[in-house]
Amino acid sequence: MKTSVSDRTESAAAAPAAAFAPAAALATARPRVDAARWPDVAHGPRGSATRAAVTRLIVQRALTALPLRVALGDAPVTGTEGPLVRVHAPEAFFRRIGTDGLIGFGESYMAGEWEADDLVGALTVLASHLTSLVPRPLQRLRGAWARRRPSAQRNTLEGARQNIHRHYDLSNDLFALFLDPTLTYSSAVFRKRPAGWSDLAAAQHRKIDRLLDLAGVGGGTRLLEIGTGWGELALRAAARGARVVSVTLSQEQRDLATSRIAQAGHADRVSVELCDYRQVTGHYDAVVSVEMIEAVGVDYWPVYFNTLERLLLPGGRIALQAITMPHARMLATRTTYTWIHKYIFPGGLIPSVEAIEQCTAAAGLRIRENGGYGGHYAETLRLWRERFTQRSADVEALGFDAVFRRMWEFYLAYCEAGFRAGYLDVRQLLLTRADTTAQDGGLR
201 MKTSVSDRTE SAAAAPAAAF APAAALATAR PRVDAARWPD VAHGPRGSAT RAAVTRLIVQ
261 RALTALPLRV ALGDAPVTGT EGPLVRVHAP EAFFRRIGTD GLIGFGESYM AGEWEADDLV
321 GALTVLASHL TSLVPRPLQR LRGAWARRRP SAQRNTLEGA RQNIHRHYDL SNDLFALFLD
381 PTLTYSSAVF RKRPAGWSDL AAAQHRKIDR LLDLAGVGGG TRLLEIGTGW GELALRAAAR
441 GARVVSVTLS QEQRDLATSR IAQAGHADRV SVELCDYRQV TGHYDAVVSV EMIEAVGVDY
501 WPVYFNTLER LLLPGGRIAL QAITMPHARM LATRTTYTWI HKYIFPGGLI PSVEAIEQCT
561 AAAGLRIREN GGYGGHYAET LRLWRERFTQ RSADVEALGF DAVFRRMWEF YLAYCEAGFR
621 AGYLDVRQLL LTRADTTAQD GGLR
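Here our numbering = 1-based position in the sequence shown + 200.
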């Protein structure tokens, strides 16, 4: 596996579990922040004192209505139930939120200005009350204060390559520290929950097999995979006798996936290409894409689904796994620049089921099956986060500093909370051409 310090520095400085110490301790020293690498975390925004004071009033009022216990600086704990949130630096905390909203909230955690004895629990409470935290009159003024996504993050051919590079080319070694041996970076499907670490690899294979079954992949199938990951789906498809073309924009992923496929003896059946989905040629019996639509960007959703339709042979099937969010929230936030965009997934947007339905219909496709299992993603993220925490020293040894580790702790916990609160879901979808008649053998 490759580890590129230069890539890590570039990604971490501009982009995305364990922190330098467990959050439950609530008494650890603040991390040393490299100002050259993390300028906004080190210095914070230059928000006005008045704005910070108003933010403090709004946030404190919102928190008193939630099942949280909160301690601001040396002040006594307020609230009688729920996770404990301790704000070590209230002035900086409220200034960041008042200036940059949720970006500031995340950066404040990266800076060690606040902790929680149960980070996922605290974020789940906040996610469950997301639409009511800000008073409605202020919500109407969202456009006046919410930052808009920079044009540089648009998923043009070049922009998409840069966006993918900043996350997936961090280091194969980093991902291997917290993923199971299948190196699958998407939601698993468990037989039972709660699950243990030893259950994860089988649960990932269960997810992959469901998608391959949905797409009708078997001996002789000409399969296109959009988004290679580290090659596990292509490996299982090849073992079924399929011939696979898999495309990715990540050089790190392509290198390792190609190596794994060759070691498994499937190099004659699988081709992994460094290629944008828009540049794929040929025609295929089946197309499978796992949690890739989130990286496409709202401007390119029509292009994405038109491309799927163009590449599909008559009678072919498309199996997608997609993270989704409520349509109203998607519409309200689709142009907003968030902490996730700044540090984890630049250029991305989670779609709603309604948005997918609209785009598929416009492309001449139809959703034949649609099943959700968001609770399984929360469980997957919990296992990743716990593994990341356990291997914090190994993450540090790869050259990732304390701020990066806090950032990834927050990222994994933030996502887990979204699924636990029901704010996010994950779905497996079967698409066919709209004029295809449903028949036995997959369209159930």
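The beta carbon of each residue, even a glycine, is placed where N, CA and C say it ideally should be. The model shown is predicted, which means the values in this text are computed figures rather than measured ones.
Using three-state DSSP, classify Leu643 as helix, strand or coil. In this prediction, Leu643 scores a pLDDT of 29, lower than 50, which makes its location untrustworthy; the coordinate-derived value is nonetheless stated afterwards. Leu643 falls in the coil class under three-state DSSP.
Quick one: residues in its chain with C-beta nearer than 7 Å to the C-beta of Ala578, no 5 flanking neighbours on either side, listed in chain order? Glu616, Phe619 and Arg620
Could you check how far apart the C-beta atoms of Ala522 and Arg627 are, in whole angstroms? I think they sit under 8 Å. 6 Å
Can you grab the Cα-Cα spacing for the pair Glu315 / Gln479, in whole Å? 45 Å
Buried or exposed by the 16-neighbour rule on C-beta atoms within 10 Å, applied to Gly516: buried
Alpha carbon to alpha carbon, how far is Val259 from Leu511? Give it in angstroms, no decimals. 50 Å
Under 7 Å Cβ to Cβ from Val241, same chain only, skipping five residues before and after it: list those, please. Val233, Glu307, Met310, Ala311 and Val603
Give me, in chain order, the residues of the same chain whose beta-carbon lies closer than 6 Å to that of Cys200; leave out the 5 immediate sequence neighbours on both sides. Outside the modelled stretch of the chain, which goes from 201 to 644, sits residue 200, for which no answer is possible.
Is Thr458 closer than 8 Å to Val472 when the C-beta atoms are compared? yes
Output the distance between the C-alpha atoms of Thr356 and Ala555, rounded to the nearest integer angstrom. 20 Å
For Ala438, collect the residues of the same chain with a Cβ closer than 7 Å to its Cβ; drop the 5 residues on either side in sequence, then sort them by chain order. Val444, His466, Arg469 and Val470
Could you spell out where the alpha helix (DSSP H) holding Leu513 opens and where it closes? Premise fails: Leu513 lies in the beta strand (DSSP E), Leu512 to Thr524, not in any alpha helix (DSSP H).
Segment limits, alpha helix (DSSP H) that includes Glu425: From DSSP, Glu425 is part of no alpha helix (DSSP H) but of the beta strand (DSSP E) over Arg422 to Ile426.
Ser248: which of Ala292, Phe375 and Asn570 sits nearest, CA to CA? Ala292
Other residues of its chain near Ser387: CB distance less than 6 Å, five sequence neighbours each side excluded: His576, Tyr577, Thr580 and Val626
Check whether the Cβ atoms of Ile544 and Tyr611 lie closer than 8 Å to each other. yes
Backbone CA spacing between Asn363 and Gly548 [nearest angstrom]: 9 Å
In this structure, does DSSP put Trp314 in helix, strand or coil? strand
Backbone secondary structure at Asn570 - three-state DSSP: strand
Ranges of the alpha helix (DSSP H) found wholly within the region 408 to 464, counting only runs of at least 4: 432 to 439 and 451 to 463
Cβ-based neighbour list, Leu302, same chain, cut-off 8 Å, excluding 5 preceding and 5 following: Thr538 and Trp539
With DSSP collapsed to three states, give me the class of Glu557. helix
On the three-state DSSP scale, how would you describe Tyr500? helix
Quick one, which of Thr250, Thr324 and Arg269 has its alpha-carbon nearest Ile297's? Thr250
Opposing strand residues paired with Arg625 [DSSP bridges]: Correcting the residue identity first, residue 625 is Asp in this sequence and not Arg. Looking at the DSSP assignment, Asp625 forms a beta bridge with Thr524.
Can you find at least 3 beta carbon pairs, one from the region 558 to 572 and one from the region 364 to 377, that sit closer than 8 Å? no
Just to confirm the assignment, what range does the beta strand (DSSP E) spanning Leu284 have? Leu284 to Val287
Cutting at 7 Å between CB atoms, please list the residues of its own chain near Asp399, excluding the five before and the five after it. Phe390
Determine, using beta carbons only, whether Thr535 and Arg354 come nearer to each other than 8 Å. no
Counterpart residues of Leu379 in DSSP-defined beta bridges: According to DSSP, Leu379 bridges with nothing at all.
How close, in whole Å, do the beta carbons of Leu629 and Leu513 come, if the pair is a contact with beta carbons under 8 Å? Going by Cβ atoms, the distance from Leu629 to Leu513 rounds to 19 Å, so no, they are not a contact pair.
Taking Gly304 as the reference, give the member of Ser351, Met607 and Gly429 with the closest Cα. Met607
Count the other C-beta atoms from every protein chain shown that fall within 10 angstroms of the C-beta of Pro283, then say buried if there are 16 or more, exposed otherwise. buried
Might you give, ordered along the chain, the residues of its own chain that have their beta carbon closer than 7 Å to the beta carbon of Tyr385, omitting 5 neighbours on each side? Phe375, Leu379 and Gly429
Write down the C-beta distance between Ile408 and Tyr477 rounded to the nearest angstrom, noting that I regard them as a contact closer than 8 Å. That pair is no contact at about 19 Å.
Among the residues of its own chain, which have a CB less than 6 Å from the CB of Thr382, if the five just before and after it don't count? Ala401, Gln404 and Glu432
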